[in-house]
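>
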Amino acid sequence: MNESETVVQELQAAFPFLAGRATVQRERRVWVDVDRDKFAPVFGHLAKNLGFTNLLMITGLDAGADLEFIYHLARSRGLIANVKVRCPKGESVETITGTFPGGHIYERELIDLLGAKIDGLPEGSRYPLPDNWPKDEHPLLKDWKPREKGAQDA
Amino acid sequence: MPDKEKIVRVPIGPQHPALKEPESFMVDLQGEKISSIALRLGYNHRGIEKGCEERTYVQDVYLIERVCGICSHSHSTAFVQAVEEIAGLDVPPRAKYIRTLIGELERVHSHLLWLGVAGHEIGFDTLLMYTWRDRELVMDLLAELTGNRVHYAMNVIGGVKRDVPQEQFARITSVVDALEERTKYYVELAMTEETLAQRLSGVGYLSKEDAERFGAVGPTARASGVDRDTRRDDPYAAYGELEFQVVTDTRCDVFGRAVVRLGELMQTYSMIRQVLKKMPDGPTSVRAPLKIPTGEAVSRYEAPRGEDVHYVRGNGTDKPERAKVRAPTLANLQSVAKMLENGYLADLPIVVAAIDPCFSCTDRMVAVRGTSESKTMNWEELVQYGVRWYRERGIDLSNVKMRGEVTA
């Protein structure tokens, strides 16, 4: 059994509800699909007990009525666990900065570009959009289109 | 407990605080010492990820290459690897070796560039002149191999665009030999020149624990004793078949970061020789479909500054549902605030420069595409072209004298 399969087995042993939702894509790539209310314990278990101490990035996607977040975690020797969680637009997810203080920048990106709501994120300047960018415009939402060249601000 | 009344707040940036790249630091000073620092990023946000969703995969390769002027090959390789994984393409071994070759040459030019910048930041401009002179060798070699000094456009989905024929191997070897000799001199210089060691030692300290906690990558992490290198840990292209050592250092300061980069240069020369020796024959690409199936992939690449991470999701069309890029500087900037705390204000430029933040440096053109067919222009033709281009848009430059005394 390779390392990825071991991780999947360890996860399913700790969290029986992950049966069929933690999968091996290929060597060194594990995907975990988890419900929002179960995210914190699964994420914490990976980071604290299974050695995934390196947060690579957080990808945010516009999935229609929901936003989808993928937390890419790595551990030594190249293994990546990608943890997916969905959150209805307008609702919030917990911050991960308690575990990964450097992760605040990725969370601010989700807020600016997708309009995500993150609970418990410490105060700080926005990223990456400029300070005068309208608060309700989030460019990575699928229905957002850039304004025509020369159009006036509303 | 610092006395609040004695704290002076100094804004540094956003106009190039260390390199010619915008970034803003709000520095709280107590005397000469930095008590805390706040960062503001995002001045260079160009909407490339959104742009990728609106373009085809073929166009995206070019767009992604322009994420960075220096690690252009790094980003395009990370992107095409993810797309190839989704499409289930079996990239030919020769293409993987060529990607590795260009990637390592890119590392040489990037590390030499950094060494010069580091010299400049501490007032050692002779080092800047020396290393940038040497860097020209590898830039010219890259131009010979790919057609351009930066933005090589070697990658296509399914392989590489151009072969590197056997006849060019001798030329590559001669450049690598010359650069290796000169790098040995810099290694000796770093180890024996006392002013260099004294200026850089203990500056920008980042402990191993903090490097791991803040997710530092690349030479910044390795100089704090974090033994992590994607080329070894998650091998891609031809790295699984090459022998090399991951260079680490336990000094945890700017001097350590210089030592790591110099050590990496020596490893890179050895890797390039291995690539030339082992390069298999065969095709350089496989045909890729225009429409990429539904699926997703995460791809990593050890760029000169640290790890690039790309995520791509395909939706069955010729455009990606999502393309996400994490460049190494974003990961490293989290550690900069820590490095600067309790340091001296005068160290700020070199500490920031020591993570090798990324900026674009394309200022030379090898060939310019004409309106109907591609052709090469000399300086005068280029000036004429520029004057014409602006005149068509209502700006008359005919009275402006330019080099070559051109008046249109």
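These protein sequence lines map, in sequence, to chains W and V.
Positions 126 to 279 (the working numbering) are the ones given, in order, by the first sequence.
Positions 376 to 783 (the working numbering) are the ones given, in order, by the second sequence.
All C-beta atoms in this analysis are idealised placements derived from N, C-alpha and C, irrespective of residue type, glycine included.
It should be emphasised that the depicted structure is a prediction, and the values quoted were computed from it without experimental measurement.
When you compare only the Cα positions, how much space is there between E555(V) and H391(V)?
Translated into the one-based positions of the second sequence, residue 555(V) becomes position 180. Translated into the one-based positions of the second sequence, residue 391(V) becomes position 16. One C-alpha to the other measures close to 32 Å.
> Measuring only between beta-carbons, confirm whether G561(V) sits less than 8 Å from chain W.
The residue you call residue 561(V) lines up with position 186 of the second sequence. Note that residue 561(V) corresponds to Tyr in the displayed sequence, not to Gly. So, not an interface residue.
> Please determine, among G223(W), Q134(W), P253(W) and L239(W), the residue with the shortest C-alpha to C-alpha distance to G245(W).
In the first sequence, residue 245(W) corresponds to position 120, counting from 1. The shortest Cα separation from G245(W) among G223(W), Q134(W), P253(W) and L239(W) belongs to G223(W).
> Quick one: does F225(W) have its CB under 8 Å from some CB of chain V?
As a working mapping, residue 225(W) is identified with position 100 in the first sequence. Answer yes: the Cβ-Cβ gap between F225(W) and chain V drops below 8 Å somewhere.
> Could you check what DSSP says for K209(W) in three-state terms: helix, strand or coil?
Position 84 of the first sequence, counted from the first residue, corresponds to residue 209(W). Residue state, collapsed to three classes: strand.
> Applying a beta-carbon distance threshold of less than 7 Å, which residues of chain V neighbour Y252(W)?
Mapped onto the first sequence, residue 252(W) falls at position 127. Result: L416 and G417.
> Quick one: give me the first and last residue of the beta strand (DSSP E) that G227(W) is part of.
Counting from 1 along the first sequence, the entry for residue 227(W) is found at position 102. That residue, G227(W), is in no beta strand (DSSP E); it is neither H nor E in DSSP.
> Quick check on this structure: which residue in L480(V), C427(V), V673(V) and R384(V) has the alpha carbon closest to the alpha carbon of D693(V)?
Residue numbering aside, residue 693(V) sits at position 318 when the second sequence is read from its first letter. Per the Cα distances, C427(V).
> According to the neighbour-count rule (16 or more other Cβ atoms, all chains shown, within 10 Å of its Cβ), is L665(V) buried or exposed?
For the purposes of this step, residue 665(V) is taken as residue 290 along the second sequence, with counting starting at 1. Exposed: under 16 other Cβ atoms inside 10 Å.
> With 9 Å as the limit, tell me which residues of the stretch 420–447 of chain V have their beta carbon closer than that to any beta carbon of chain W; keep them in chain order.
H420, G422, E424, K425 and E428
> Whose Cβ in chain W lies nearer than 7 Å to the Cβ of Q709(V)?
Within the second sequence, numbered from 1, the residue matching residue 709(V) stands at position 334. The answer, in chain order, is G227 and I230.
> According to DSSP, simplified to helix, strand and coil, what is D515(V)?
Residue mapping note: residue 515(V) aligns to position 140 of the second sequence, counting from 1. DSSP places D515(V) in helix when its eight states are reduced to three.
> In the structure shown, what three-state DSSP assignment does R701(V) receive?
Reading the second sequence from its first residue, position 326 is the one you call residue 701(V). Strand, per DSSP.
> Step through the CB atoms of chain V and report whether any lies within less than 8 Å of the CB of L207(W).
Stepping through the first sequence from its first residue, residue 207(W) is reached at position 82. The amino acid occupying residue 207(W) in the given sequence is Asn; Leu does not appear at that position. With 8 Å as the cut-off, N207(W) counts as an interface residue toward chain V.
> Quick one, which of G189(W), L143(W), C212(W) and K163(W) has its alpha-carbon nearest W269(W)'s?
For the purposes of this step, residue 269(W) is taken as residue 144 along the first sequence, with counting starting at 1. With distances taken between CA atoms, W269(W) lies nearest to G189(W) out of G189(W), L143(W), C212(W) and K163(W).
> Using the three-state DSSP reduction, which class does E219(W) fall into: helix, strand or coil?
The residue labelled residue 219(W) in the question sits at position 94 within the first sequence. In the structure shown, E219(W) falls within a strand segment according to DSSP collapsed to helix, strand and coil.
> Expressed to the nearest angstrom, what Euclidean distance is found between the alpha-carbon atoms of I445(V) and V525(V)?
Here residue 445(V) is taken as the residue at index 70 of the second sequence, counted from 1. Here residue 525(V) is taken as the residue at index 150 of the second sequence, counted from 1. Rounded to the nearest angstrom, the two C-alpha atoms are 7 Å apart.
> Using only alpha-carbon positions, find the residue among D538(V), E407(V), G498(V) and L512(V) that is nearest to R469(V).
Along the second sequence, read from residue 1 onward, the residue named residue 469(V) stands at position 94. Closest by alpha carbon: D538(V).
> According to the neighbour-count rule (16 or more other Cβ atoms, all chains shown, within 10 Å of its Cβ), is Y760(V) buried or exposed?
The count along the second sequence starts at 1 and reaches residue 760(V) at position 385. It is exposed - the Cβ of Y760(V) has fewer than 16 other Cβ atoms within 10 Å.
> Are the C-beta of D608(V) and some C-beta of chain W separated by less than 8 Å?
Along the second sequence, one-based indexing puts residue 608(V) at 233. Chain W contact via Cβ: present.
> With a 10 Å radius around its C-beta and 16 neighbouring C-beta atoms as the bar for buried, classify E152(W) as buried or exposed.
Walking along the first sequence from the start, residue 152(W) turns up at place 27. Exposed, by the Cβ-count rule.
> What are the boundary residues of the beta strand (DSSP E) that includes H197(W)?
Against the first sequence, residue 197(W) aligns to sequence position 72. First-last of the beta strand (DSSP E) with H197(W): D191 to R200.
> Residues bridged to V156(W) by DSSP?
Stepping through the first sequence from its first residue, residue 156(W) is reached at position 31. The question names Val, yet the displayed sequence has Trp at residue 156(W). Note: W156(W) sits in a beta bridge opposite T148(W) and N207(W).
> How would you list, in chain order, the residues of chain V whose beta-carbon sits under 7 Å from the beta-carbon of T220(W)?
In the first sequence, the residue the question calls residue 220(W) occupies position 95. Here the premise fails: no neighbours, minimum Cβ distance about 15 Å.
> Can you tell me whether Y432(V) is buried or exposed? The criterion is at least 16 other CB atoms within 10 Å of its CB, across all chains shown.
Residue 432(V) sits at position 57 when you count from the first residue of the second sequence. Result: buried.
> With DSSP collapsed to three states, give me the class of D403(V).
In the second sequence, counting from the first residue as 1, residue 403(V) sits at position 28. D403(V) falls in the strand class under three-state DSSP.
> Please report the distance separating the alpha-carbon of N419(V) from that of P389(V).
Counting from one through the second sequence, the residue named residue 419(V) turns up at place 44. Counting from one through the second sequence, the residue named residue 389(V) turns up at place 14. In a straight line, the C-alpha of N419(V) is about 11 Å away from that of P389(V).
> So with Cβ pairs under 8 Å, would you call Y614(V) a contact of chain W?
The count along the second sequence starts at 1 and reaches residue 614(V) at position 239. Output row for Y614(V): interface = no.
> Taking only beta-carbon atoms, is R211(W) less than 8 Å away from chain V?
The count along the first sequence starts at 1 and reaches residue 211(W) at position 86. No, R211(W) does not count as interfacial toward chain V.
> Helix, strand or coil for T431(V)? Go by DSSP, reduced to three states.
Residue numbering aside, residue 431(V) sits at position 56 when the second sequence is read from its first letter. Looking at T431(V) - three-state DSSP - the assignment turns out to be coil, as it is neither helix nor strand.
> Return the CA-CA distance between T659(V) and E677(V), expressed in angstroms with no decimal places.
Against the second sequence, residue 659(V) aligns to sequence position 284. Against the second sequence, residue 677(V) aligns to sequence position 302. CA-CA distance, T659(V) to E677(V), rounds to 22 Å.
> Taking just the CA atoms, how far does R510(V) sit from R557(V)?
Within the second sequence, residue 557(V) is the residue found at index 182, counting from 1. Within the second sequence, residue 510(V) is the residue found at index 135, counting from 1. Taking the straight line from one Cα to the other gives about 11 Å.
> To the nearest angstrom, how far is it from the Cα of S599(V) to the Cα of I221(W)?
Mapped onto the second sequence, residue 599(V) falls at position 224. Mapped onto the first sequence, residue 221(W) falls at position 96. When rounded, the distance between both Cα atoms is 24 Å.
> So, with DSSP's three-state summary, where would you put G670(V)?
Locating residue 670(V) in the second sequence gives position 295, counting from the first residue. G670(V): strand per DSSP, three-state reduction.
> Quick one: Cα of R606(V) to Cα of E542(V), how far?
Counting from one through the second sequence, the residue named residue 606(V) turns up at place 231. Counting from one through the second sequence, the residue named residue 542(V) turns up at place 167. Straight through space, the alpha carbons of E542(V) and R606(V) are spaced by roughly 28 Å.
> For a contact defined as C-beta to C-beta under 9 Å, what are the partners of S201(W) on chain V?
Counting from 1 along the first sequence, the entry for residue 201(W) is found at position 76. Per Cβ cutoff of 9 Å: D602, R603 and D608.
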